[in-house]
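>
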Amino acid sequence: MINGMPINIARNLRAWIGEELPLYFVERVEFLKGPSSALYGNGAVLGVVNIVTSPQESENILESKISVGQPHEQKRFMGHCLMKKKNMSGDICFGFYGKNNSEEIYGENNVVRDSKKPQNLLATFDCTQDSPLNGLKFGVFSISQRGGLGTGWIGTTHKIDDYTFETLQPFLMYNKKLTNKLTLDTKLLFQRNDDIGLFYAGGQDAIEFGLIDHAYMGDIGLIYISSDKFNIIGGIAYDRRWHTNENSHFYIFSSGTIIQGGDYYFNSSKSCIITSAYLQLQNEFPILQGLRSTLGVRYDEGNNLIEPGNSFSKTSPRLGLVQRVNDCFNVKLLYGTAMRSLGLKEGIDNTMYADEYKRQTGLPITFTAKPETIETVEASAAYHTKRFQTSITYFDNTMKNPIRAYNVPVGTSTAFVVPYLNVAKEHKSSGVELDFDMGIPKGKFFINAAIQEGKDSDGKEIPNVPKTKFNAGLLYHLPVDLDVSLIVKNAGYTRRGTTTDASVLSKLGDRVGAHTVVDINCIKKINDDVRLELKVNNLFDKDWYYPQLSDTLPFDHPQSGRTVLCSMDVRF
Numbered sequence: 001m002i003n004g005m006p007i008n009i010a011r012n013l014r015a016w017i018g019e020e021l022p023l024y025f026v027e028r029v030e031f032l033k034g035p036s037s038a039l040y041g042n043g044a045v046l047g048v049v050n051i052v053t054s055p056q057e058s059e060n061i062l063e064s065k066i067s068v069g070q071p072h073e074q075k076r077f078m079g080h081c082l083m084k085k086k087n088m089s090g091d092i093c094f095g096f097y098g099k100n101n102s103e104e105i106y107g108e109n110n111v112v113r114d115s116k117k118p119q120n121l122l123a124t125f126d127c128t129q130d131s132p133l134n135g136l137k138f139g140v141f142s143i144s145q146r147g148g149l150g151t152g153w154i155g156t157t158h159k160i161d162d163y164t165f166e167t168l169q170p171f172l173m174y175n176k177k178l179t180n181k182l183t184l185d186t187k188l189l190f191q192r193n194d195d196i197g198l199f200y201a202g203g204q205d206a207i208e209f210g211l212i213d214h215a216y217m218g219d220i221g222l223i224y225i226s227s228d229k230f231n232i233i234g235g236i237a238y239d240r241r242w243h244t245n246e247n248s249h250f251y252i253f254s255s256g257t258i259i260q261g262g263d264y265y266f267n268s269s270k271s272c273i274i275t276s277a278y279l280q281l282q283n284e285f286p287i288l289q290g291l292r293s294t295l296g297v298r299y300d301e302g303n304n305l306i307e308p309g310n311s312f313s314k315t316s317p318r319l320g321l322v323q324r325v326n327d328c329f330n331v332k333l334l335y336g337t338a339m340r341s342l343g344l345k346e347g348i349d350n351t352m353y354a355d356e357y358k359r360q361t362g363l364p365i366t367f368t369a370k371p372e373t374i375e376t377v378e379a380s381a382a383y384h385t386k387r388f389q390t391s392i393t394y395f396d397n398t399m400k401n402p403i404r405a406y407n408v409p410v411g412t413s414t415a416f417v418v419p420y421l422n423v424a425k426e427h428k429s430s431g432v433e434l435d436f437d438m439g440i441p442k443g444k445f446f447i448n449a450a451i452q453e454g455k456d457s458d459g460k461e462i463p464n465v466p467k468t469k470f471n472a473g474l475l476y477h478l479p480v481d482l483d484v485s486l487i488v489k490n491a492g493y494t495r496r497g498t499t500t501d502a503s504v505l506s507k508l509g510d511r512v513g514a515h516t517v518v519d520i521n522c523i524k525k526i527n528d529d530v531r532l533e534l535k536v537n538n539l540f541d542k543d544w545y546y547p548q549l550s551d552t553l554p555f556d557h558p559q560s561g562r563t564v565l566c567s568m569d570v571r572f
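Just so you know, we're using UniProt numbering here: the sequence shown kicks off at 1 and counts up by one.
1. Along the beta strand (DSSP E) that carries K332, what are the first and last residues, could you check?
2. In angstroms, rounded to a whole number, what distance separates the CA positions of T275 and M568?
3. With DSSP as the reference, identify every bridge partner of N231, one or two as the case may be.
4. Go to N350, then tell me how far its alpha helix (DSSP H) extends in each direction, as first and last residue.
5. Taking C-beta to C-beta, are F199 and I207 nearer than 8 Å?
6. Reducing DSSP to helix, strand and coil, say where N464 ends up.
7. From what residue to what residue does the beta strand (DSSP E) around D396 run?
8. Just to confirm before moving on: does the CB-CB distance between V432 and T468 stay below 8 Å?
9. Which stretch, first to last residue, makes up the beta strand (DSSP E) that contains P170?
10. Helix, strand or coil for P308 per DSSP?
11. Skipping 5 residues on each side, what residues in its chain have a beta carbon closer than 6 Å to that of F572?
12. Can the beta-carbon of G98 be found closer than 8 Å to that of K84?
13. Would you be able to state if there are at least three C-beta pairs under 8 Å between the region 124-139 and the region 171-190?
14. Judging by CA-CA distance, which residue of M339, Y476 and K181 is the nearest neighbour of K229?
15. Run through DSSP, which three-state label would H214 get?
16. Could you name the residues that DSSP lists as bridge partners for G431?
17. For D396, which residues from the same chain have a beta carbon less than 6 Å from its beta carbon, with the 5 sequence-adjacent residues on both sides left out?
18. Can you tell which of N304, I220 and S54 has the C-alpha that lies nearest to the C-alpha of K345?
19. Let me check understanding here. Comparing Cα to Cα, which of R359, G69, L342 and Y224 lies closest to G262?
20. Identify the continuous beta strand (DSSP E) that holds L532 and give its terminal residues.
21. So D349 packs on P419, CB below 8 Å; how close in whole Å?
22. With 16 other CB atoms within 10 Å as the buried threshold, where does E372 fall?
23. For the beta strand (DSSP E) containing A369, list its first residue and its last residue.
24. Quick one: is D228 near chain C, going by C-beta distance under 8 Å?
25. Let me know the secondary structure DSSP gives L475 once reduced to three states.
26. Roughly how many angstroms lie between the CA atoms of P479 and L534, to the nearest whole one?
27. With H, G and I counted as helix, E and B as strand and the rest as coil, what does DSSP make of N100?
28. Can you list, in chain order, the residues of its chain whose CB lies under 6 Å from that of G210, leaving out five sequence neighbours each side?
29. Is it the case that the Cβ atoms of I223 and I233 are separated by a distance below 8 Å?
30. Can you tell me where the beta strand (DSSP E) with L189 in it begins and where it stops?
31. For P6 and P466, I'd like the C-alpha separation in whole angstroms.
32. By the DSSP assignment, the beta strand (DSSP E) with D263 in it spans what residues?
33. Should V29 be labelled buried (16 or more other beta-carbon atoms within 10 Å of its own) or exposed?
34. Quick one: is D239 buried, meaning 16 or more other Cβ sit within 10 Å of its Cβ, or exposed?
35. Given V530, which residues of its chain have a CB within under 8 Å of its CB, disregarding the five upstream and five downstream residues?
36. In the DSSP assignment, what residue or residues form a beta bridge with W242?
Below, the structure is given as structure tokens:
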């Protein structure tokens, strides 16, 4: 989210956390760990990331940041413009990132090419205190990306691969104080998503597809704050998504001739609708001084008219207890649940795969999936002083009916369809996480480390998931107006596997082992309006891989080696 406005719904609630937005003026990034369904609804299964931009200043400003780097001739341009009028202020930021095609070879005739070129525009206009429309915000988010897929989804990528994803999201927000204690908080957004691609499919074959869909989301909430010890948040939400007939198709070409596929169109009556109601209460009990409780519950009812078998209703409770022992020490206990149902695109994919299954076998089939739900229990203790803070957390997660891409054999042939199904009854993981943050003269030092163990309902280790992580960082200010940060990141993953538990590894073996990556960043302040920056990621040029999201595909994702980026930040 950006300032509380969701932006990831275009990716069926699975936005890539690595996406880069032109937000270098960010004040802070808030991470709400664990299930957050009580307030944020469908998709907040693993938590919420909220980007809070810098507070608006009293004057007009214009700032820009230009970056160039290697390898692959990286180039970036970001801009931020703040305009102030008597009755309104406008906040506009934009960014463009480009690079030449990069190649990573991870097997004979298997190449991953990455030439993604994102462009983003984020504009928000706010009616000020002097305006009769005080409390109204409106704007538009435009997020687009084009280039090679960059993931080797069928074992390789090709020069002709071209993937375009565009999201246009106009929105309205209205926040108005009704009384001294009661506030109205509303959101309304419309979204158009274009998902278009051309991919090489081996030999003389190519695949072309297009999918255009629309979405409406609305949320009306009331916030009641009686005191700093008691508040209530409640509201209702509506989410409707449907597929349009504009440029929606799936074709397979061979030697320039269409050999398979056709137009896929589900009219607006075939939509996915989720209606929700939520309530959260926070109170400090008089029984134990400093004991604060948070109780939340959300009810979601989903009506999937594309695949009626995937309709659902689900109640997601959330309970948190925080006991302040003294001014420095507190303990916390959290229980929460959240859910994620099939998105619109996944439902359409399942329908297309079912048609393909029937074409190859002559047998009708329907692919359905229950919503995946997560149940989390956390217990933590935290201690903080003026100089340092530390916390240790034990967590236990249970994911029920996890949804994943799953290979379904078509008879005895080697052809497969890959719909979205519930691949297991449940996945369980538990572990411990440690955070440590200490201020030092002219700087700061921090550590974040965790270890976890995950098993499925049959007691087998879950493949392709992190089992250890260790992040450490040092931020230091030198006397020549130079800020330096050094980040060390280490992660280890469970062994790669398949749904049949066979030892089918990537074409060069299991490449997703433990890896350590070092990043360094230097910022030199020239004056109050100009800064220079040098950023080096993967300083020692280590080879490392992300696991394939589906454990049925026999390859992993090579990640970038050393990259160097030089930037100049100018404020007018």
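We put the CB at the ideal spot given by N, CA and C, even for glycine.
The short version:
1. Taking the first residue of the sequence shown as 1, we reach residue 332 at position 332. Taken as a continuous stretch (DSSP letters only), the beta strand (DSSP E) holding K332 covers F329 to R340.
2. In the sequence shown, residue 275 corresponds to position 275, counting from 1. In the sequence shown, residue 568 corresponds to position 568, counting from 1. Rounded to whole angstroms, T275 to M568 spans 47 Å at the Cα level.
3. Counting from one through the sequence shown, the residue named residue 231 turns up at place 231. BP columns for N231 point to I225 and Q282.
4. For the purposes of this step, residue 350 is identified with residue 350 of the sequence shown, where counting begins at 1. Looking at the DSSP string, the run of the alpha helix (DSSP H) that includes N350 is L344 to T361.
5. Numbered from 1 along the sequence shown, position 199 holds the residue referred to as residue 199. Numbered from 1 along the sequence shown, position 207 holds the residue referred to as residue 207. Yes, they are a contact pair.
6. Along the sequence shown, one-based indexing puts residue 464 at 464. Three-state DSSP puts N464 in coil, outside helix and strand.
7. Locating residue 396 in the sequence shown gives position 396, counting from the first residue. Its beta strand (DSSP E) spans residues F388 to K400.
8. As a position in the sequence shown, residue 432 is number 432, starting the count at 1. As a position in the sequence shown, residue 468 is number 468, starting the count at 1. Cβ atoms of V432 and T468: not closer than 8 Å.
9. The residue you call residue 170 lines up with position 170 of the sequence shown. D162 to K177 is the extent of the beta strand (DSSP E) around P170.
10. Taking the first residue of the sequence shown as position 1, residue 308 is located at position 308. Residue state, collapsed to three classes: helix.
11. In the sequence shown, residue 572 corresponds to position 572, counting from 1. If we look at F572 and ignore the five residues flanking it on each side, its Cβ neighbours are L62.
12. Position 98 of the sequence shown, counted from the first residue, corresponds to residue 98. Position 84 of the sequence shown, counted from the first residue, corresponds to residue 84. Cβ atoms of G98 and K84: not closer than 8 Å.
13. yes
14. By one-based count along the sequence shown, residue 229 stands at place 229. Checking every option, the nearest Cα to that of K229 belongs to K181.
15. Here residue 214 is taken as the residue at index 214 of the sequence shown, counted from 1. H214: strand per DSSP, three-state reduction.
16. Here the question's residue 431 lines up with position 431 in the sequence shown. According to DSSP, G431 bridges with F395 and Q452.
17. The sequence position of residue 396 within the sequence shown is 396, counting from 1. Answer for D396: V377 and S430, listed in chain order.
18. What you label residue 345 is simply residue 345 of the sequence shown in a count that begins at 1. For K345, the nearest C-alpha among the options comes from N304.
19. To locate residue 262, count along the sequence shown from 1; it is residue 262. The shortest C-alpha separation from G262 is found at R359.
20. One-based indexing of the sequence shown puts residue 532 at position 532. V530 to N537 is the extent of the beta strand (DSSP E) around L532.
21. Against the sequence shown, residue 349 aligns to sequence position 349. Against the sequence shown, residue 419 aligns to sequence position 419. With 8 Å as the limit, D349 and P419 qualify as a contact, their Cβ atoms being about 7 Å apart.
22. Locating residue 372 in the sequence shown gives position 372, where the first residue counts as 1. Buried.
23. Your numbering for residue 369 matches position 369 in the sequence shown. Looking at the DSSP string, A369 is not in any beta strand (DSSP E), and its letter there is neither H nor E.
24. Considering every chain present, this structure includes no chain C. It has just one protein chain.
25. Taking the first residue of the sequence shown as 1, we reach residue 475 at position 475. DSSP places L475 in strand when its eight states are reduced to three.
26. Start at 1 with the first residue of the sequence shown, and residue 479 comes out as number 479. Start at 1 with the first residue of the sequence shown, and residue 534 comes out as number 534. Each residue's Cα considered, the two are about 18 Å apart.
27. Within the sequence shown, numbered from 1, the residue matching residue 100 stands at position 100. Correct three-state label for N100: coil.
28. Within the sequence shown, the letter at position 210 stands for residue 210. Answer for G210: I196, N247, S248 and H249, listed in chain order.
29. On the sequence shown, residue 223 is found 223 positions in, with the first residue counted as 1. On the sequence shown, residue 233 is found 233 positions in, with the first residue counted as 1. The answer is yes: Cβ separation under 8 Å.
30. Position 189 of the sequence shown, counted from the first residue, corresponds to residue 189. Counting along the chain, the beta strand (DSSP E) containing L189 begins and ends at L182 to Y200.
31. Start at 1 with the first residue of the sequence shown, and residue 6 comes out as number 6. Start at 1 with the first residue of the sequence shown, and residue 466 comes out as number 466. Rounded to the nearest angstrom, the two C-alpha atoms are 27 Å apart.
32. Position 263 of the sequence shown, counting from 1, holds the residue named residue 263. Note, D263: beta strand (DSSP E), T257 to D263.
33. Here residue 29 corresponds to residue number 29 of the sequence shown, with the count starting at 1. Answer is exposed; the Cβ neighbour count stays below 16.
34. As a first step, residue 239 must be located in the sequence shown, where it is residue number 239. Label assigned to D239: buried.
35. Translated into positions along the sequence shown, residue 530 becomes position 530. Hits under 8 Å: M568, D569, V570 and R571.
36. By 1-based counting over the sequence shown, the position of residue 242 is 242. In DSSP, W242 forms a bridge with H214 and S271.
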